[in-house]
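Peer 1: As numbered in numbering that gives the first Met the number 0, residues 0 to 408 make up the sequence shown, in order. Okay, here's the structure, questions in a sec.
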Amino acid sequence: MIPDEEVERVREAADIVGIIGETVTLKRAGAAFRGPCPFHQGKNPNFSVDPRRRIYHCFKCGESGDVFTFLRKRFGMDWPTAVRHVAERSGITIREVSSRRDGPDPRERLWEVNAAAEAYFRRLLQEDPGGSAGREYLAARQVGLDVAERFGLGYAQRDGLRDHLATLGFDDERQLEAGLLVRREDGAIRPRFRGRLMFTIYDVASRVVGFGGRVIGEGEPKYLNSPETIAFVKGRMLYGLNWARNAIRRADRVLLVEGYFDLVRLAMAGVEEVVAPLGTALTPDQGALIARHTKHAFLIYDSDKAGLKATFRAADELLRHGVAVRVVTLPPGEDPDTFARSAGREGVERQLAQAVDVIERKVQLLERGGWFADLHRRRQAVDHLLPTIRATADAVTRDLYLARVAEAT
Ligand SMILES: [Zn+2]
């Protein structure tokens with residue numbers, strides 16, 4: 000088995016223009032390269048290869064992916080073969096870990112069917128008459144179709160996907176396994192996502208591992224995610240890390256937000272070092288994952304009670320991994336989506352500059368609540384602060400926190 004970090008290393012080193020250019024005639028067009036699409040056998044230069052983002056995309060048929068996807072779809076290579084092929088071409092020796100399993104990666108079955116579903120959802124949203132509800136919804140939220148394409152947004156109709164995937168050779172069993180279909184208690188099989196705007200969830204190697212669907216109009220739940228599968232372990236990944244990882248390293252900071260739209264909007268405003276945990280509480284694995292990329296985190300969660308609770312839990316998890324945590328407070332009634340839409344990058348940077356350290360934010364809230372006024376409540380206030388101090392792995396930071404708490408009490 001090839002570890003994800005190794006896959007990523009190969010992807011970053013690969014000359015995607017050179018590799019695709021061996022079989023497709025590409026000509027430079029601005030920052031990208033254009034040529035005829037080998038997937039729909041087009042004659043016009045609708046097929047674009049972007050070396051900066053390391054992806055290809057056909058504006059006509061919607062085929063898109065990275066260098067590995069290209070080799071798999073174009074030449075039928077299986078996943079490990081594609082990675083080894085590119086590694087060899089790029090002069091990289093990859094470290095493979097032995098696994099008791101023989102044969103192909105068992106997650107490949109799911110990546111494949113998910114990728115096919117993604118292409119279907121995307122096409123509906125971009126151009127199909129059946130996707131008009133999705134387009135209207137996006138327009139109302141002021142998200143352009145170009146942005147939708149960049150972030151893998153799509154639309155799920157009430158039905159249609161199941162038959163489409165069947166014609167591509169994906170049977171019900173495989174669709175159930177990926178969570179695209181659901182078997183009800185009475186045995187009936189139905190689509191999981193119906194009438195929803197779809198966010199594609201990629202792992203760090205940009206493989207499609209699941210979806211988040213936002214209901215359009217009334218309906219519950221507002222957001223519905225794919226179930227956990229062997230390819231989609233929510234607590235071990237972060238939404239958006241595939242796009243953000245280089246920006247995080249460059250900026251040496253990460254912004255954590257709660258929602259898909261928050262992330263997309265911030266990236267639209269030019270703030271790309273953003274990820275979102277796929278659930279309410281940040282897990283230890285997610286904390287470790289962030290710490291591998293940067294030691295500076297900004298939390299931009301809701302300021303309501305639930306949001307603050309999630310903020311402090313996430314902060315403790317990050318502190319445990321030696322990450323310094325600052326808390327961003329947005330003006331009342333704003334979330335990162337609405338705020339970045341109106342205030343733009345400058346406004347976001349202004350809020351980041353005003354962010355306070357998590358211990359400061361806790362002390363602030365306790366002070367405002369009058370917790371330091373009398374002896375009994377002061378004792379309780381300290382109990383609120385102790386978990387954060389205990390969680391702090393960095394000794395210098397912990398001493399500073401203790402001093403701050405002593406000062407407040
Ligand atoms: Zn095409």
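Note that the Cβ used here is the ideal one computed from N, Cα and C, for glycine as well.
1) Give the range of the alpha helix (DSSP H) segment to which ASN43 is assigned.
2) Any idea what DSSP makes of LYS233, helix, strand or coil?
3) Hey, could you find the ends of the alpha helix (DSSP H) GLY332 is sitting in?
4) List the whole-angstrom C-beta distance separating ARG293 from VAL347, where the pair is believed to meet the contact cut-off of C-beta under 8 Å.
5) State yes or no: is the C-beta of PHE192 within less than 9 Å of the C-beta of LEU152?
6) Give a single yes or no on whether PHE46 has its beta carbon closer than 8 Å to a heavy atom of ligand 1.
7) Would the beta-carbon of LEU109 fall within 9 Å of that of THR228?
8) So, using beta-carbon positions, are PHE297 and LEU351 closer together than 9 Å?
9) For GLY34, collect the residues of the same chain with a Cβ closer than 7 Å to its Cβ; drop the 5 residues on either side in sequence, then sort them by chain order.
10) Is the number of C-beta pairs between the stretch 169–177 and the stretch 142–152 that are closer than 8 Å three or more?
11) Could you give the uninterrupted runs of the beta strand (DSSP E) lying entirely in the stretch 122–203, keeping only those of 3 residues or more?
12) Roughly how many angstroms separate the alpha carbons of VAL181 and PRO190, rounded to a whole number?
13) Near VAL214, which residues of its chain fall below 6 Å by C-beta distance, leaving aside the five closest residues on each side in sequence?
14) Is PHE32 near ligand 1, with its Cβ less than 8 Å from a heavy atom?
15) So GLY20 is in the alpha helix (DSSP H); what residue range does that whole segment cover?
16) Among residues of its own chain, excluding the 5 on either side of GLN141, which ones have a beta-carbon nearer than 8 Å to its beta-carbon?
17) For PRO37 versus ARG73, is the C-beta spacing smaller than 9 Å?
18) Does the beta carbon of LYS294 fall short of 8 Å from some heavy atom of ligand 1?
19) Can you tell me whether LYS59 sits near ligand 1, meaning its C-beta is under 8 Å from at least one heavy atom of the ligand?
20) When you compare only the Cα positions, how much space is there between ALA426 and PHE260?
21) For PHE38, is the beta carbon positioned less than 8 Å from some heavy atom of ligand 1?
22) Can you tell me whether VAL96 is buried or exposed, with buried defined as 16 or more other CB within 10 angstroms of its CB?
23) Does THR199 have its Cβ less than 9 Å from a Cβ in chain C?
24) Report whether the distance from the Cβ of GLY41 to the nearest heavy atom of ligand 1 is below 8 Å.
25) Measuring only from the beta carbon, is GLU148 closer than 8 Å to any heavy atom that is part of ligand 1?
26) Taking the straight line between their C-alpha atoms, what separation do you get for GLY258 and ALA380?
27) What did DSSP end up calling TYR259 once you bin it into helix, strand or coil?
28) Nearest to ASP382 by CA position, among ALA405, ALA394, LYS233, ARG149, is which residue?
29) Does the stretch 303–316 come into contact with the stretch 355–372, if we say contact requires no fewer than three beta-carbon pairs (one atom in each stretch) closer than 8 Å?
30) Tell me whether ARG389 is buried or exposed, calling it buried when 16 or more other Cβ atoms sit within 10 Å of its Cβ.
31) Skipping 5 residues on each side, what residues in its chain have a beta carbon closer than 7 Å to that of HIS56?
32) Please classify ALA372: does DSSP put it in a helix, a strand, or coil?
33) Just to check, is the beta-carbon of GLU5 closer than 8 Å to a non-hydrogen atom of ligand 1?
34) With a 10 Å radius around its C-beta and 16 neighbouring C-beta atoms as the bar for buried, classify LYS233 as buried or exposed.
35) Thinking C-beta only, is VAL327 closer than 9 Å to ALA204?
36) Within 10 angstroms of its Cβ, does LYS361 collect 16 or more other Cβ (buried), or is it exposed?
Peer 2: On the basis of the coordinates in this document:
1) Mapped onto the sequence shown, residue 43 falls at position 44. It is not in any alpha helix (DSSP H) - ASN43 carries neither H nor E in the DSSP assignment.
2) Your numbering for residue 233 matches position 234 in the sequence shown. LYS233: helix per DSSP, three-state reduction.
3) For the purposes of this step, residue 332 is identified with residue 333 of the sequence shown, where counting begins at 1. Here GLY332 belongs to no alpha helix (DSSP H), and DSSP marks it neither H nor E.
4) For this step, residue 293 is matched to residue 294 along the sequence shown. For this step, residue 347 is matched to residue 348 along the sequence shown. In the sequence under discussion, the amino acid at residue 293 is Thr, which differs from the Arg named in the question. Going by Cβ atoms, the distance from THR293 to VAL347 rounds to 17 Å, so no, they are not a contact pair.
5) Position 193 of the sequence shown, counted from the start, is the residue given in the question as residue 192. Position 153 of the sequence shown, counted from the start, is the residue given in the question as residue 152. Result no, Cβ atoms of PHE192 and LEU152 do not sit closer than 9 Å.
6) The residue labelled residue 46 in the question sits at position 47 within the sequence shown. Correct: PHE46 has its Cβ closer than 8 Å to ligand 1.
7) Counting from 1 along the sequence shown, the entry for residue 109 is found at position 110. Counting from 1 along the sequence shown, the entry for residue 228 is found at position 229. Going by C-beta atoms, LEU109 is nearer than 9 Å to THR228.
8) Here residue 297 refers to the residue found at position 298 when the sequence shown is read from its first residue. Here residue 351 refers to the residue found at position 352 when the sequence shown is read from its first residue. In this structure, LEU351 lies closer than 9 Å to PHE297 by Cβ.
9) As a first step, residue 34 must be located in the sequence shown, where it is residue number 35. Same-chain partners within the cutoff: VAL23, THR24, LEU25, LYS26, PRO44, PHE46.
10) no
11) 152–155, 180–182, 188–190, 195–201
12) Counting from 1 along the sequence shown, the entry for residue 181 is found at position 182. Counting from 1 along the sequence shown, the entry for residue 190 is found at position 191. Roughly 6 Å separates the two Cα atoms.
13) The count along the sequence shown starts at 1 and reaches residue 214 at position 215. Correct list, in chain order: ARG195, LYS221.
14) The residue you call residue 32 lines up with position 33 of the sequence shown. Outside the cutoff, so no.
15) What you label residue 20 is simply residue 21 of the sequence shown in a count that begins at 1. From DSSP, the alpha helix (DSSP H) with GLY20 extends over 15–20.
16) Stepping through the sequence shown from its first residue, residue 141 is reached at position 142. Around GLN141: ARG340.
17) The residue labelled residue 37 in the question sits at position 38 within the sequence shown. The residue labelled residue 73 in the question sits at position 74 within the sequence shown. For PRO37 and ARG73, yes; Cβs fall inside 9 Å.
18) Sequence index remark: in the sequence shown, residue 294 carries index 295 (1-based). Because no heavy atom of ligand 1 lies under 8 Å away, the Cβ of LYS294 does not count as near it: no.
19) For this step, residue 59 is matched to residue 60 along the sequence shown. Checking the Cβ of LYS59 against ligand 1 gives yes.
20) Nothing about residue 426 can be reported from this structure: the residues present for the chain run from 0 to 408 only.
21) Counting from 1 along the sequence shown, the entry for residue 38 is found at position 39. Yes - ligand 1 has a heavy atom lying nearer than 8 Å to the Cβ of PHE38.
22) Your numbering for residue 96 matches position 97 in the sequence shown. Per the 10 Å Cβ criterion, exposed.
23) The question asks about chain C, but that chain is absent: this structure has only one protein chain.
24) Stepping through the sequence shown from its first residue, residue 41 is reached at position 42. Yes, the Cβ of GLY41 comes within 8 Å of a heavy atom of ligand 1.
25) Translated into positions along the sequence shown, residue 148 becomes position 149. No; taking the cut-off as 8 Å, the Cβ of GLU148 has no heavy atom of ligand 1 nearer than that.
26) Working through the sequence shown from its first residue, we reach residue 258 at position 259. Working through the sequence shown from its first residue, we reach residue 380 at position 381. Rounded to the nearest angstrom, the two C-alpha atoms are 31 Å apart.
27) In the sequence shown, counting from the first residue as 1, residue 259 sits at position 260. It is helical.
28) Within the sequence shown, numbered from 1, the residue matching residue 382 stands at position 383. Of the candidates ALA405, ALA394, LYS233, ARG149, the one whose C-alpha sits nearest the C-alpha of ASP382 is ALA405.
29) yes
30) Within the sequence shown, the letter at position 390 stands for residue 389. Exposed, by the Cβ-count rule.
31) Stepping through the sequence shown from its first residue, residue 56 is reached at position 57. Answer for HIS56: SER47, SER63, listed in chain order.
32) Position 373 of the sequence shown, counted from the first residue, corresponds to residue 372. Three-state DSSP puts ALA372 in coil, outside helix and strand.
33) For the purposes of this step, residue 5 is taken as the residue at position 6 of the sequence shown. No.
34) Counting from one through the sequence shown, the residue named residue 233 turns up at place 234. Under this definition LYS233 is a buried residue.
35) Stepping through the sequence shown from its first residue, residue 204 is reached at position 205. Stepping through the sequence shown from its first residue, residue 327 is reached at position 328. Result no, Cβ atoms of ALA204 and VAL327 do not sit closer than 9 Å.
36) Reading the sequence shown from its first residue, position 362 is the one you call residue 361. Label assigned to LYS361: buried.
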